[in-house]
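Engineer: Everything in the sequence shown is counted per the working numbering, starting at 99 for the first residue and increasing by one. Beta carbons: idealized from backbone N, C-alpha and C, even for Gly. Computed from a predicted model, the values in this text were never measured in an experiment.
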Amino acid sequence: MLVRTDIPLAGQIVQVGHACVEAGHRFDQPADPCHLVVLSVPTAHHLRAALYRVGRAGIRCAVFHEPDDQLGDTAACTEPISGAYRRVFRRFPLWSGDTLSSARGPPVR
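1) Nearest by alpha-carbon distance to residue 161: which of 168, 145, 154 is it?
2) Can you confirm whether the stretch 109-119 touches the stretch 146-156 when touching is taken to mean that 3 or more C-beta pairs between the two stretches lie within less than 8 Å?
3) Answer with buried or exposed for residue 192, where buried requires no fewer than 16 other C-beta atoms within 10 angstroms of its C-beta.
4) Where DSSP assigns a beta bridge to residue 142, which residues make up the other side?
5) Name the DSSP bridge partner or partners of residue 39?
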């Protein structure tokens, strides 16, 4: 899940919900349990670049386009992923509710 952080905080939360609903309609339920991980991008331009990168890796996304206030594409939810596909997202910062979050490091074991 990728969400733009140039949208007010309450709007970011709503956009995440919209993108999850879109993904729920588009993709099959995974056989195994999966996790929702929310990552952030600063702007619409960065969201488009991220979607290009994700698409080149062969990962399908459901993108939510917000018609109100001319926001355009605001968030995207991927199909359930696992294994090596997770690496595509390692350089995106975890969403933290502010625009000052930095890229996350490797997982703690």
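Structural biologist: Put simply:
1) In the sequence shown, counting from the first residue as 1, residue 161 sits at position 63. It is 145.
2) no
3) Counting from 1 along the sequence shown, the entry for residue 192 is found at position 94. Exposed is the call here.
4) Residue mapping note: residue 142 aligns to position 44 of the sequence shown, counting from 1. Answer by DSSP bridge pairing: none, since residue 142 is not bridged.
5) The requested residue 39 does not occur in the structure, where the chain is confined to residues 99 to 207.
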